[in-house]
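Just below is one structure, and these are the notes that go with it.
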Amino acid sequence: MDLPPDMQERIVCSISAAIKYEIPANILLAIAEKEGGKPGQWVKNSNGTHDVGSMQFNTAYLQDLSKYGITADHVAQTGCYAYDLAAWRVRQHIKNDKGDIWTKAANYHSRTPKYNARYRVDLIVKAVKWAGWLEKRTSKD
1 MDLPPDMQER IVCSISAAIK YEIPANILLA IAEKEGGKPG QWVKNSNGTH
51 DVGSMQFNTA YLQDLSKYGI TADHVAQTGC YAYDLAAWRV RQHIKNDKGD
101 IWTKAANYHS RTPKYNARYR VDLIVKAVKW AGWLEKRTSK D
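Counting along the sequence shown from 1, when you hit position 72 you're at 72 in full-length UniProt numbering, and nothing is skipped either side.
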């Protein structure tokens with residue numbers, strides 16, 4: 001793959017996680033691009049939580065996952081773990097939330113309607129772009 005290493009990780013890990021959790025790869029790739037995080041990155045939010053790592057996984061969600069031994073330090077590391085965790089969460093939104101798939105996927109960012117709507121619009125644009133990118137690389141023509 002002729003891409004910078006951080007892009008390789010984002011693409012390989014997003015596709016792998018999407019397959020594992022049975023969600024559309026273009027949507028997870030779009031979320032990964034939108035979140036734009038980096039391994040080891042911690043971004044403080046106004047509500048006191050942090051967005052952590054490559055997928056900017058919010059620490060508020062880690063409280064429930066701590067009973068399984070999952071910590072923010074795990075999410076912050078290089079590798080596919082953060083993508084797997086994000087894909088798991090997106091799958092939960094798709095299965096359990098109300099609305100169309102785009103609103104459900106945008107719940108990864110926020111369930112607050114105005115923030116969800118803003119994220120959703122850009123998510124669709126990016127997901128369409130990634131669908132085309134995937135199609136070019138997987139078509140049998």
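Ideal placement from N, C-alpha and C gives every residue a C-beta, glycine not left out.
In the three-state reduction of the DSSP assignment, Lys44 falls in the strand class, which pools E and B.
About 14 Å separates the CB atoms of Asn58 and Thr71; that is not less than 8 Å, and the two are not in contact. In this structure, the CA atom of Val121 is about 19 Å from the CA atom of Arg91. For His93, the uninterrupted alpha helix (DSSP H) run begins and ends at Tyr81 to Asn96, by DSSP. As DSSP reads the structure, His50 sits in a beta bridge with Lys44. DSSP links Asn58 through a beta bridge to Asp51. Sorting Ala82, Val43 and Asp51 by C-alpha distance to the C-alpha of Ile11 places Ala82 at the top. Segment contact: the segment 24-41 against the segment 126-138, three or more CB-CB distances shorter than 8 Å; contact assigned.
DSSP places Ser16 in the uninterrupted alpha helix (DSSP H) bounded by Pro5 to Lys20.
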